[in-house]
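Quick notes on the structure that follows.
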Amino acid sequence: MSFLQRFATPIQVLMTLGLFVQLAVIYGVAAFPSVWVVLRYWDASAALSQELRWLLLCVVVAGSFFLFALVLPLLVGLVRIVTFAGTPLGRFPYHSGKGMKWATYNALILAVRFTVMDFLRVTPFLNLFHRLMGMTVGARVQINTKVIADSNLIEIGDDSIVGGDATIVCHAAERGQLVTAPVKIGKKVTIGLMAIVFPGCEIGDGAVIAANAVLIKGTKVPPNTVWAGIPAKQVGERAKRAPDAPAPESRDVERA
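Going by the numbering used here, the sequence shown opens with residue 113, and the numbers climb by one from there.
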């Protein structure tokens, strides 16, 4: 039995406390601009009537939260870059150096997920956050989920859509070990509502993963195919459209 296994529980307690300290510093620094704005407003509003001053204070406090929501992902991304954090590739025990690296890196992602990520969904700010965390994100990608782990092992091609509350993870727990593998999503892919993509999956250009479908570990999805079910299987092919042909929505609008 290794040293890390023998003292797994106390080491985990110490790591947790250490992460709490680290996150307290990150949250505190990220909150600084918001607190500064609130205090500056309070000093500058002394001449206002009490009712108006308090009303505007509420607006400023609410606005400062959204300032925090923009600063926090940038700060967490900067911490990731400075510390070279990321999910390691391969198979390794939970209680190992690589296991600790995986846990601390994903704790940074969770720090954003559990506080402000809902307000960043389907915005360029969420794409920027994942890029800072090591993800390869193409142009015009729309991400409408916060359930993404191991960002540094994920690649998403141009014009792809990740639907609401879909799950993309690059790790799995197997018999006391973590197994990690990259996930590659091609161009113009649609991943439906609450679909799940497990480690090692490769989704070809133009493919569609239906809502609630589950791509088991290592699934290879050919281009322009439609997959559905649990586990997901190919159920059809995506109709191809000439590059210069109008989209169906456009034709409907013209007929209307």
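Quick reminder that beta carbons are idealized off the backbone N, C-alpha and C, glycines included. Since this is a predicted model, take the numbers as computed values, not measurements.
By the C-beta density criterion, A251 is exposed, having fewer than 16 other C-beta atoms within 10 angstroms.
For A340, the enclosing beta strand (DSSP E) covers residues 337 to 340.
In the DSSP annotation of this structure, the continuous segment of the beta strand (DSSP E) that includes V295 starts and ends at 295 to 297.
Proximity of the region 216 to 227 to the region 302 to 320 falls short of the contact definition, fewer than three beta-carbon pairs being nearer than 8 Å. Annotated as distal: S176 and R165, with beta-carbon spacing of 7 Å or more. At a cut-off of 4 residues, the continuous stretches assigned as alpha helix (DSSP H) that sit fully inside the region 199 to 274 are 209 to 225, 236 to 244. Taking 7 Å as the cut-off, the Cβ atoms of L187 and A142 count as close. Counting along the chain, T121 sits inside the alpha helix (DSSP H) bounded by residues 120 to 156. Exposure of K345 is indicated by the presence of fewer than 16 other C-beta atoms within 10 angstroms of its C-beta. Boundaries for V281: no alpha helix (DSSP H) harbours it, and the DSSP string shows neither H nor E there. One alpha carbon belongs to I193, the other to L184, and they sit about 14 Å apart.
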